[in-house]
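Numbering-wise, the sequence shown is residues 657 to 775 according to this note's numbering.
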Amino acid sequence: MRKTLPERYYLDHFYEFLQFFEGANRPLVDTKTAAFIEAFHALDKDDQCLIVRAANRKYPVVVSKTFDYAEINEPLERLTRLREAGWFTSISQGDSYSLGQAMTKSDLLMLLKDNGCQA
């Protein structure tokens, strides 16, 4: 029988991870990382959940249509706002290898077809 996890268990685990750098290990944190932690804590819970969900993905490219989580209010709208705020970048700033990893076979075939290639 599968154990039922709390709704935002992944956010709780991320908080635990951040606490490692906020306590006795604070001197190990550089300015950029400290600013990230502070900015992350300033976000509302739904934004935090979306960022942690993205960070836990297998690939660095996030396919927005797959960001549909019941516990996150308006995930696609949030993703857009977070991208505008600099938490995510556009695909044009990614590399082709990462893009290829995130795409399905049908996505790749459609891309090839749209660009005049036959599979």
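Virtual Cβ for every residue (Gly too), placed ideally from N, Cα, C.
Remember, predicted model here, so these are calculated numbers, not experimental data.
For a test of the three-state rule: what should DSSP assign to F744, helix, strand or coil?
coil
Q) What did DSSP end up calling L732 once you bin it into helix, strand or coil? A) helix
| Beta carbon of L735, beta carbon of S720: below 7 Å? | yes
Closest to F744 by C-alpha separation, out of L767, L706, G772, L764, would be which residue? L706
Among the residues of its own chain, which have a CB less than 7 Å from the CB of R737, if the five just before and after it don't count? none
Quiz item: In chain order, what residues of the same chain lie with their CB nearer than 6 Å to the CB of F677, ignoring the 5 residues before and after it?
Solution: V685
Tell me whether P683 is buried or exposed, calling it buried when 16 or more other Cβ atoms sit within 10 Å of its Cβ.
exposed
Buried or exposed (CB count within 10 angstroms, at least 16 for buried), F673:
exposed
*Backbone secondary structure at K659 - three-state DSSP*: coil
Quiz item: Using a beta-carbon distance below 7 Å, is C773 in contact with chain D?
Solution: Going by chain labels, chain D is absent from the structure shown, which holds only one protein chain.
- Message: Once the 5 residues before and after A710 are set aside, which same chain residues still bring their CB inside 6 Å of it?
- Response: V718
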